[in-house]
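Heads up: the structure comes next, in structure tokens.
In my numbering, the protein residues as written are 4 to 349.
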């Protein structure tokens with residue numbers, strides 16, 4: 004029976020294969036508890052996700068299964084081990100993301116970024132290092148970093164808004180932009196601002212809360228407060244954008260499916276010199292009055308072929324929240340497809 008050996012010096016792992024078994028040897032036993040997870044929960048997650056069996060023997064990990072699954076497992080453990088060696092934590096979400104990213108075509112041996120999710124595609128903020136957790140997220144991060152206008156379209160839980168905010172924060176820290184402007188239309192499930200209690204700020208803050216959450220997850224709380232007070236970070240409803248020219252800024256419009264075509268055109272024409280825009284939304288979750296046309300769908304039709312504009316479309320396979328959220332989204336999408344199919348009607 005043939006045995007092959009391979010040493011990855013940069014990652015501190017040695018790989019040996021024999022028949023249907025792959026053996027990975029790690030150079031730092033202290034990291035293995037975090038790599039495998041409490042009660043080996045990360046190991047179990049990878050076994051289930053890739054259809055392999057994994058067992059640890061000292062500093063070695065023995066992986067059994069089909070060849071493709073073993074190769075994917077090697078990439079998953081390599082990425083997670085590299086995170087730990089870089090001083091980062093490994094969470095269940097990181098494990099799920101590494102499993103998704105292991106499906107990417109492998110780069111030629113020795114090429115930069117040979118393993119999925121390596122540093123070139125990582126967003127660096129003051130609170131955390133953020134990498135893609137799906138192939139579409141990788142495409143989206145690349146688009147956000149290289150295009151002046153990006154549409155991120157798809158269901159909730161795919162990271163559209165969070166990643167856009169994270170890229171904006173990175174560019175602010177790198178001094179590539181002077182300001183971050185975050186906006187949403189104040190339209191939610193039939194509510195009207197005039198009927199809500201409080202002053203204008205108290206009325207609109209609930210609509211903008213997801214944007215605040217993303218900021219606080221990427222910057223220290225005291226810095227978020229300071230930057231908002233100084234105007235370096237602005238969080239405002241879409242109506243406040245009219246008449247402005249937004250230069251040297253990273254501008255994000257969230258929940259864009261709830262804009263009208265007139266509002267969307269107004270927002271798009273705010274783009275000023277040395278600025279970038281990210282527009283996110285879910286066309287299946289429109290809360291506009293019945294019969295009103297969504298500005299997001301209209302913009303995607305009108306602007307689809309314009310150079311400098313990128314559109315990244317997420318699906319339910321890209322949902323990176325709790326696994327149950329993925330199953331919920333898939334169930335609703337299946338129901339909606341049945342309703343659109345006359346054969347599925349009674």
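We treat Cβ as the ideally placed atom computed from N, Cα and C, and that holds for glycine. Model, not experiment: these values are computed from the prediction.
| Close-in-space but distant-in-sequence residues of the same chain around residue 219 (CB under 6 Å, 5 per side omitted) | 227
| request: Would you tell me roughly how many angstroms separate the C-alpha atoms of residue 70 and residue 58, rounded to the nearest one? | output: 17 Å
| Helix, strand or coil at residue 47 [DSSP, three-state] | helix
| said: For residue 322, report the span of its alpha helix (DSSP H) as first-last. | reply: No alpha helix (DSSP H) holds residue 322; DSSP gives it neither H nor E.
| task | At 4 residues or longer, and completely inside the region 149-181: list those alpha helix (DSSP H) runs for me, N to C. | result | 163-176
| Among residues of its own chain, excluding the 5 on either side of residue 77, which ones have a beta-carbon nearer than 8 Å to its beta-carbon? | 18, 25, 27, 66
| task | Spell out a yes or no on whether the region 179-188 and the region 304-324 are touching, meaning 3 or more CB-CB pairs, one atom from each, closer than 8 Å. | result | no
| request: Assess, as a yes-or-no matter, whether the region 241-251 is touched by the region 267-287 under the definition of 3 or more beta carbon pairs within less than 8 Å. | output: yes
| message | Which complete alpha helix (DSSP H) runs does the region 229-317 hold, if anything under 4 residues is left out? | response | 264-271, 298-305
| request: For residue 170, count neighbouring C-beta atoms within 10 Å of its own C-beta (all shown protein chains included) and say buried if the count is 16 or more, exposed if not. | output: buried
| So, helix, strand or coil for residue 57, using DSSP? | strand
| Where does residue 38 fall in DSSP's three states? | helix
| said: Does residue 185 come out as helix, strand or coil in the three-state DSSP assignment? | reply: strand
| message | Beta-carbon within less than 6 Å of residue 39's beta-carbon, same chain only, minus the 5 sequence neighbours each way: which residues are those? | response | 45, 46
| message | Spatial neighbours of residue 262 within its chain, please: C-beta separation below 6 Å, excluding the five flanking residues on both sides. | response | 188, 298
| Can you name the residues that DSSP bridges to residue 132? | 127
| If residue 267 and residue 290 are in contact, beta carbons under 8 Å, what's the gap, nearest whole angstrom? | In fact, because the Cβ distance is near 15 Å, the residues do not count as touching under 8 Å.
| field | Any chain B beta carbon closer than 9 Å to residue 178 | value | Of the chains in the structure shown, none is chain B; there is only one protein chain.
| Of the choices 159, 296, 168, whose alpha-carbon is the least far from that of residue 153? | 168
| query | Given that a residue counts as buried once 16 or more other Cβ atoms are within 10 Å of its Cβ, and exposed if not, what is residue 172? | reply | buried
| request: Using DSSP bridges, identify the partner residues of residue 66. | output: 25, 57
| With DSSP run on the structure shown, which of helix, strand or coil describes residue 79? | helix
| request: Could you pull the start and end residues of the alpha helix (DSSP H) that residue 90 belongs to? | output: Unbroken run through residue 90: none, as it is neither H nor E.
| said: Less than 7 Å between C-beta atoms, sequence neighbours within five positions excluded: which residues of the same chain meet that for residue 258? | reply: 187, 188, 284
| request: Below 8 Å on the Cβ atoms is my guess for residue 53 versus residue 102; work out the distance and round it to an integer in Å. | output: 6 Å
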